[in-house]
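Colleague: To start, I am sharing the structure in question, which I have written as structure tokens.
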Amino acid sequence: MNTNDQRQLPEFQLLHGDASSAALVFYLKFFFTMWLIRYLFDPLQTLSNLPLEYAGPVGPLQWMPVAWYEAIHSFTGLMMLRAGIVVCAVGVWFGRTRMISAMIGCVVLTMIACVIRGFGGQINHAEIGPLLVTWVLTLFCFRLPQDKISVPTTQEHPTASVALITATMVLALVYAFVGIARLTNGGVELFLGDTIQRHVTRGSYSDWVLPQNFSNWVRDYPAIAWQLKIGTLLVTLVEIAAPFALISKRVRYVVLITMPLFHLGAILMFKVIFVEQMLSLILLINVSPWLAARARQNATKRSQKPAADPLVQTG
Numbered sequence: 535m536n537t538n539d540q541r542q543l544p545e546f547q548l549l550h551g552d553a554s555s556a557a558l559v560f561y562l563k564f565f566f567t568m569w570l571i572r573y574l575f576d577p578l579q580t581l582s583n584l585p586l587e588y589a590g591p592v593g594p595l596q597w598m599p600v601a602w603y604e605a606i607h608s609f610t611g612l613m614m615l616r617a618g619i620v621v622c623a624v625g626v627w628f629g630r631t632r633m634i635s636a637m638i639g640c641v642v643l644t645m646i647a648c649v650i651r652g653f654g655g656q657i658n659h660a661e662i663g664p665l666l667v668t669w670v671l672t673l674f675c676f677r678l679p680q681d682k683i684s685v686p687t688t689q690e691h692p693t694a695s696v697a698l699i700t701a702t703m704v705l706a707l708v709y710a711f712v713g714i715a716r717l718t719n720g721g722v723e724l725f726l727g728d729t730i731q732r733h734v735t736r737g738s739y740s741d742w743v744l745p746q747n748f749s750n751w752v753r754d755y756p757a758i759a760w761q762l763k764i765g766t767l768l769v770t771l772v773e774i775a776a777p778f779a780l781i782s783k784r785v786r787y788v789v790l791i792t793m794p795l796f797h798l799g800a801i802l803m804f805k806v807i808f809v810e811q812m813l814s815l816i817l818l819i820n821v822s823p824w825l826a827a828r829a830r831q832n833a834t835k836r837s838q839k840p841a842a843d844p845l846v847q848t849g
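Convert by adding 534 to the 1-based position in the sequence shown; the result is the number in my numbering.
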């Protein structure tokens with residue numbers, strides 16, 4: 535075979551394979567800003583009104599002394615946790631306090647998740663994915679030189695690449711495991727029976743999310759019910775394929791288009807909110823080229839700035 539006739543294969547590269555410390559810090563800031571907005575308005579301290587007997591110790595709370603356990607569930611303790619994550623999220627934006635704020639923030643987020651799930655019984659995939667991603671980004675930051683974290687650069691760095699690839703894979707596996715569990719536990723009956731209609735009807739009684747009620751449409755119009763079933767099946771397949779977004783742009787685009795629409799649909803139809811999970815999909819967008827281009831533009835503007843004329847005398 536003539537080598538001149540052979541087509542050149544495209545270069546294979548993982549998503550975030552060209553990541554820099556600036557990209558890693560960008561995502562770290564993004565996730566802590568997400569937590570800042572959440573707990574700036576989340577009335578976490580209202581959980582102190584519930585009897586402590588309703589809560590079950592989850593995670594690290596199981597190993598705490600009783601006095602500490604009671605203190606954390608008090609109004610003051612919950613307010614301290616809420617204030618702590620707000621302060622840490624702000625500290626991540628400053629180079630000198632970035633790492634200590636990120637580490638303390640991860641611990642505080644974990645404690646908050648344990649308290650909330652102590653009353654709910656389990657931690658769901660809407661919360662565990664962003665929390666794990668925040669931990670991954672923070673821990674990998676410690677593997678980078680301190681100067682590259684305090685003053686990040688757009689130069690490619692292997693540790694930053696591994697950090698963002700790992701964080702993206704963690705998020706994708708959360709989606710995949712949920713899709714696999716739905717497919718295996720629900721089986722064919724989930725898409726052929728009336729399970730989805732029952733979920734919509736049950737969600738219609740929850741007016742704390744949105745007052746709209748679409749259960750009548752699903753019950754009275756079989757075509758809408760079948761659209762929901764087919765849509766749920768397609769979303770399940772996209773969730774299972776999510777890890778392949780690391781190596782396939784097509785899968786990446788499908789996930790970026792499908793999953794936000796699914797989360798918005800879940801809010802309207804099932805009254806289930808997945809805001810943090812939906813925002814975490816930003817990991818499927820490679821910001822490294824954009825950050826590098828922005829840095830070059832800033833460097834060009836600085837180089838083109840006219841120097842001060844030494845002959846000009848100031849009064």
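Every residue gets a Cβ at the ideal spot worked out from N, C-alpha and C, and that includes glycine.
Specify whether the region 677 to 695 and the region 553 to 563 touch according to this definition: at least 3 beta carbon pairs, one from each stretch, less than 8 Å apart.
Modeller: Contact between the region 677 to 695 and the region 553 to 563 is present, because at least three Cβ pairs lie under 8 Å.
Colleague: Would you call the region 700 to 718 in contact with the region 769 to 777, where contact means no fewer than 3 C-beta pairs closer than 8 Å?
Modeller: The region 700 to 718 is in contact with the region 769 to 777.
Colleague: Is it the case that the Cβ atoms of Phe804 and Val734 are separated by a distance below 8 Å?
Modeller: Cβ distance < 8 Å, so Phe804 and Val734 count as in contact.
Colleague: Under 8 Å between C-beta atoms, does Gly713 make it to chain D?
Modeller: Going by chain labels, chain D is absent from the structure shown, which holds only one protein chain.
Colleague: Can you grab the Cα-Cα spacing for the pair Gly849 / Ala833, in whole Å?
Modeller: Only weak support exists for where Gly849 lies, its pLDDT of 37 falling under 50; the coordinates are left without a value.
Colleague: Using a 10 Å radius around the Cβ and a threshold of 16 neighbouring Cβ atoms, would you call Met535 buried or exposed?
Modeller: For Met535, the predicted model reports a pLDDT of 46, less than 50, meaning its position is unreliable; a value from the coordinates is still stated below. Result: exposed.
Colleague: Hey, quick one: how far does the alpha helix (DSSP H) through Thr702 stretch, first residue to last?
Modeller: It spans Pro692 to Leu726 - the alpha helix (DSSP H) in which Thr702 sits, taken as one unbroken run.
Colleague: Determine the closest residue to Met633 out of Leu615, Ile606, Val696 and Phe566, with distance taken between C-alpha atoms.
Modeller: Taking only the C-alpha atoms, the option nearest Met633 is Phe566.
Colleague: Buried or exposed for Leu562, please, with buried defined as at least 16 other CB atoms from any protein chain shown within 10 angstroms of its CB.
Modeller: Buried, since its Cβ has 16 or more Cβ neighbours within 10 Å.
Colleague: So who's on the other strand from Ser749, going by DSSP bridges?
Modeller: Ser749 pairs with nothing; no bridge assigned.
Colleague: So Glu810 is in the alpha helix (DSSP H); what residue range does that whole segment cover?
Modeller: Glu810 -> alpha helix (DSSP H) spans Val809 to Leu813.
Colleague: Where does Arg836 sit, in a helix, a strand or coil, going by DSSP?
Modeller: Correct three-state label for Arg836: helix.
Colleague: Using 8 Å as the Cβ pair cut-off and three pairs as the minimum, do the region 664 to 675 and the region 637 to 647 touch?
Modeller: A contact exists between the region 664 to 675 and the region 637 to 647.
Colleague: Suppose the cutoff is 7 Å on Cβ atoms and the five residues either side in sequence are ignored; what does the same chain contact list for Leu813 look like?
Modeller: Around Leu813: Met568.
Colleague: Could you check if Gln847 is buried or exposed, using at least 16 other CB atoms within 10 Å of its CB as the buried criterion?
Modeller: Summary for Gln847: the model assigns pLDDT 47, below 50, so the residue's position carries little reliability; its value from the coordinates is reported in the next sentence. Its Cβ having fewer than 16 others within 10 Å, Gln847 is exposed.
Colleague: By Cβ distance, which residues of its chain are closer than 7 Å to Leu790, with the 5 residues on each side in sequence left out?
Modeller: The residues are Leu815 and Leu818.
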